[in-house]
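Working notes, structure below.
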Amino acid sequence: DDEYGGNSELKSAIEDINADPTNHYRWYYVGKHLLSGETASVNNVKYTARQCLMKVLEIDPNYDDAWHYICTFVDKPTLMINGKEYTHAQCCIKALEIDSDTPETWSCLADTLANTVGNVKDTVTVSGKVYTKAECYIKAVECDSYNGEAWYKLSVHGFWDIDSTSVSVDGNLYTERECVAKCLEVCDNNRDAWVRVTGLMQANETVTIDGEDFTRQQCTIKILELNDEDTLSWRDLADSMQDGDTVIVDDVQYTREKCYKRADGIDDDYDYGDEEDED
């Protein structure tokens, strides 16, 4: 039986709900495990994953796991829960007011806020305390220092809100570059993070990631090992080299000219100046 991908526990949970529609634990299990496009039939009514979670909250309005998980449904601007309309941000706030230690929810809440423009800051209030976008991402990484995505987003968005070159996380100061490095410690295949850390470096600088020092050129090589069709990174790599230098990218040796030609093969309109005319 391929129904629900052969998930026998999911089918059993749906049977349990049909026998007892007030079992909010089983509603939650079904809501969390239904895939996109799947529905659960309960007493001849079909429920999507989101509708199952809404049933949980009808039965137990303070079931924190359901509030946290329903925050991940962003396909609708608002949800009607127990007769009250909630925006995505309000679902996050409700979840955090019940349990403030869930990093994914802090990150989701931060995603709903706009970057600071001038003196105008978009803020939210959770349990009586006001938070900016940056402060929500900081809460996310304080809850879980291994949340690579939140570290990356803190680097991208967290410095709009402050008049400083560093942010304080659990009493320690981190620069933009150090925030990206923290992301790469736990997720070294995040190409966007390698692009960002490279953009924050000067040619002669290094960045320390999980105890290992990387030059700007080595970071560029990392980008290309994750996407070897990145024209700008091939050019950047070539620009970092001198005549006679070689580098290894994915076990292939490249000269400066070969890097330029590799970029040229990806983007035929690129003019690398006098490089071909050098003797």
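Counted the way this note's numbering counts, the sequence shown spans residues 8 to 286.
Built from N, CA and C at the ideal position, the CB exists for glycine as well.
| query | result |
| --- | --- |
| Expected contact under 8 Å - CB spacing of serine 134 and serine 107 to nearest Å | 7 Å |
| Beta-carbon proximity of valine 204 to valine 193, cut-off 7 Å | no |
| Cβ neighbours of aspartate 8 in the same chain (closer than 7 Å, five flanking residues each side left out) | Any reading at aspartate 8 needs caution, since the residue's pLDDT is 49, under 50, leaving its predicted position unreliable; the model's value is listed next. Excluding residues within five positions, none has a Cβ falling inside 7 Å. |
| Beta carbon of cysteine 143 nearer than 7 Å to that of tryptophan 113 | yes |
| Buried/exposed call for isoleucine 255, threshold 16 Cβ in 10 Å | exposed |
| Three-state secondary structure assigned by DSSP to leucine 86 | strand |
| Tyrosine 138 versus valine 131: straight-line alpha-carbon distance, rounded | 5 Å |
| Cβ separation of glutamate 288 and arginine 223, assumed to be a contact under 8 Å, to the nearest whole Å | Missing from the structure shown is residue 288; the chain here goes from 8 to 286 and no further. |
| Own chain, CB closer than 6 Å to tyrosine 153, minus 5 neighbours either side, in chain order | Val193 |
| Sequence ranges, beta strand (DSSP E) only - wholly within the region 47-75, length at least 3 | 47-49, 52-54 |
| DSSP three-state assignment for glutamate 185, whether helix, strand or coil | helix |
| Uninterrupted beta strand (DSSP E) stretches inside the region 89-148 (no shorter than 3 residues) | 91-94, 130-133, 136-139 |
| Residues near alanine 121 in its chain [Cβ-Cβ closer than 8 Å; skip 5 each side] | Asp129, Lys140 |
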